[in-house]
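First up is the structure itself, then whatever we jot down about it.
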Amino acid sequence: MSNNLSVPNGPGRPKDLAKRQAILDAAKTLFLCHGYANTSMDAVASEAGVSKLTVYSHFNDKETLFSAAVVAKCEEQLPPLFFELPDGIAVENVLLNIARGFHQLINSDESVNLHRLIMALGSQDPKLSLIFFEAGPERVVNGMEGLLTKIHATGALSIDQPRNAAEHFFCLIKGAGNFRLLYGCGEPLTGEAAERHVLEVVGLFMRAYKP
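Quick note: the sequence shown uses the numbering used here, first residue 1, plus one each step.
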């Protein structure tokens, strides 16, 4: 599996970056609508309005493109800076920002459809599940683990197993509501209900790891 996201030399010219974004947007749309196997690089090029050569100049192969599309979706709600610990910002507020972003991410139509796609195809193509897991859930948990390690070092919370704590945090945010949503027998929490859920989970987490 290739992890190289081939971007033009340097930070990229605006035109190059615009094409890369168009390719990612097209890939997200087609993978969700038609599945992985039925989405070709030709189709992505056509949807993005670029040549097939341009698609390959940015992404080496379909696996790389799929991985990048998953990362891009995650970063829409949880950019890397979410997992920083700025000076003067309360730990609880940092956790609330992450919780809100993650809750919105996992309950979005794109995320729900992608999870259903992976669940349906995972037994047929475990490699595809691994690509998704490493690009999405694993990346998010790794970012949270790093943040919780920093928080533990400050003494604000006592977290001697940050990896476990990171997994607990995201599982609590998902809750039973996300399971119902995935099974098609529920609606996502929004507005005040979503905020109450996030506040409750972060409160539980803070109390659980209080020094």
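Where is the CB? At the ideal position from N, CA and C, for every residue including glycine.
Here the structure is a predicted model, which is why all the values come from computation and not from measurement.
How would you write the range of the alpha helix (DSSP H) that residue i sits in, first residue to last?
i	result
Thr-154	137-154
Ser-46	41-48
Glu-64	Checking the sequence shown, residue 64 turns out to be Thr, not Glu. Looking at the DSSP string, the run of the alpha helix (DSSP H) that includes Thr-64 is 62-77.
Lys-210	Segment: none, Lys-210 is in no alpha helix (DSSP H) and carries neither H nor E.
Gly-101	91-106
Phe-59	Phe-59 -> no alpha helix (DSSP H), and no H or E assigned at all.
Ile-159	No alpha helix (DSSP H) contains Ile-159, which DSSP labels as neither H nor E.
Asn-113	109-121
Between residue i and the rest of its own chain, which residues show a CB-CB distance below 6 Å, the 5 nearest in sequence each way excluded?
i	result
Ala-208	none
Pro-188	Asn-107, Leu-181
His-152	Ile-159
Taking only the alpha-carbon atoms, compute the straight-line gap between residue i and residue j and give it to the nearest angstrom.
i	j	result
Glu-84	Leu-147	6 Å
Ala-176	Asp-25	30 Å
Gly-203	Lys-150	19 Å
Asp-109	Ser-158	36 Å
Asn-38	Gly-191	36 Å
Arg-180	Lys-174	10 Å
Thr-154	Pro-80	20 Å
Glu-145	Met-206	15 Å
Ile-89	Val-201	19 Å
Ser-51	Ser-67	20 Å
Thr-54	Ala-45	8 Å
Gly-184	Val-94	31 Å
Val-198	Ser-111	18 Å
Leu-65	Asn-178	27 Å
Ala-193	His-103	12 Å
Met-41	Lys-62	7 Å
Leu-172	Leu-96	13 Å
Ser-123	Gly-186	25 Å
Gly-143	Asp-87	18 Å
Gln-161	Gln-21	37 Å
Given residue i, which residues of its chain have a CB within under 7 Å of its CB, disregarding the five upstream and five downstream residues?
i	result
Ala-132	It should be noted that the sequence gives Phe, not Ala, for residue 132. Taken in chain order, the residues that qualify are Val-70, Ile-118.
Cys-74	Leu-105, Gly-136, Arg-139, Val-140
Leu-30	Thr-39, Ala-43, Val-44, Glu-47
Could you tell me which of the options sits nearest to residue i, measuring between CA atoms?
i	options	result
Pro-137	Glu-167, Ser-51, Lys-127, Ala-153	Glu-167
Arg-163	Ala-120, Gly-184, Arg-196, Arg-139	Arg-139
Lys-28	Gly-184, Leu-128, Asn-113, Leu-182	Asn-113
Ala-48	Cys-74, Asp-16, Leu-78	Asp-16
Ser-57	Lys-19, Val-198, Asp-87	Lys-19
Glu-195	Ile-98, Thr-64, His-115, Gly-184	Ile-98
Leu-32	Phe-59, Ala-22, Glu-63, His-115	His-115
Ala-72	Glu-134, Pro-126, Leu-96	Glu-134
Given residue i, which residues of its chain have a CB within under 8 Å of its CB, disregarding the five upstream and five downstream residues?
i	result
Ala-156	Val-91, Pro-211
Val-141	Arg-163, Ala-166, Glu-167, Phe-170
Gly-101	Gln-77, Leu-78, Phe-82
Leu-121	Gly-35, Tyr-36, Ala-37, Leu-128, Ser-129
Any beta carbon from chain C within less than 9 Å of residue i's own beta carbon?
i	result
Cys-74	Going by chain labels, chain C is absent from the structure shown, which holds only one protein chain.
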